[in-house]
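Protein chains in written order, with our numbering: chain A, 1 to 113; chain B, 1001 to 1110.
Laid out in structure tokens, this is it:
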């Protein structure tokens, strides 16, 4: 059983470009969470999704960031018009239900030049 | 919001030494998770504690949750280089947010 998969593992973008980060949850997991780890800071919750629904996006920046988890395919975290401050490691986690431990992906390291 | 403070922030120990990492919460914990993050990689789930006074062990790592459920400790016995990484405590707040501690970076010198 493959774990949570994220791609790309490393992503380089220039300021103003768009970044699309993908997350495939573990088989049988319908709950997906996105976290951001800024340099020298801890992991911060961004958004919690179930299939086709955003359940909690209280940790998402108000602008330029969006997330989706379609019926088919991976969850996508999209960052429009990236700025240098968006450079961070973005982790995806999944779980079969709420209240259980989450399995984490290896992360996508975004570097904005 | 839930705040989790970890201490120490970083730790450098000689191989074979024991060490303890602490995680203190501003609120009562209803489920405390310990994760390990290897440098440049994702998080690995270690243990989860729920009951006051609970203690769990896995190989050379023991985690405890105090009776008041506001503090947890992670103890590593006879540390090895493979134990090196960042240790994070975490808990789920009201709702769906998962809060992580500030992290403890562990270096084990062979």
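Ideal Cβ placement from N, Cα and C applies to all residues, glycine included.
- Item | 9 Å Cβ cut-off: residues of chain B touching residue 11 of chain A | Those within 9 Å of residue 11 of chain A in chain B number zero; the least Cβ separation is about 14 Å.
- Task: Output yes if chain A places a C-beta closer than 8 Å to the C-beta of residue 1104 of chain B; else output no.
- Result: no
- Message: Using only CA atoms, which one of B/1019, B/1030, B/1006, B/1040 lies nearest to residue 10 of chain A?
- Response: B/1040
- Task: Return the chain-ordered ranges of every beta strand (DSSP E) run that is complete within the segment 54-79 of chain A and spans a minimum of 3 residues.
- Result: 65-68, 75-79
- Message: Mapping the DSSP letters down to three states, classify residue 1085 of chain B as helix, strand or coil.
- Response: strand
- Are the C-beta atoms of residue 1097 of chain B and some chain A residue less than 8 Å apart? yes
- Item | chain B within 8 Å of residue 56 of chain A, Cβ atoms only | Residue 56 of chain A counts as touching chain B.
- Query: Quick one: is residue 1005 of chain B near chain A, going by C-beta distance under 8 Å?
  - Reply: no
- Message: Closest to residue 1108 of chain B by C-alpha separation, out of B/1005, B/1003, B/1078, would be which residue?
- Response: B/1078
- Query: When Cβ atoms are compared, which residues of the segment 1027-1057 of chain B fall closer than 7 Å to chain D?
  - Reply: Reference to chain D is not applicable here, since the protein chains of this structure are A and B.
- Selection from B/1011, B/1007, B/1005 that minimises the alpha carbon distance to residue 1081 of chain B: B/1011
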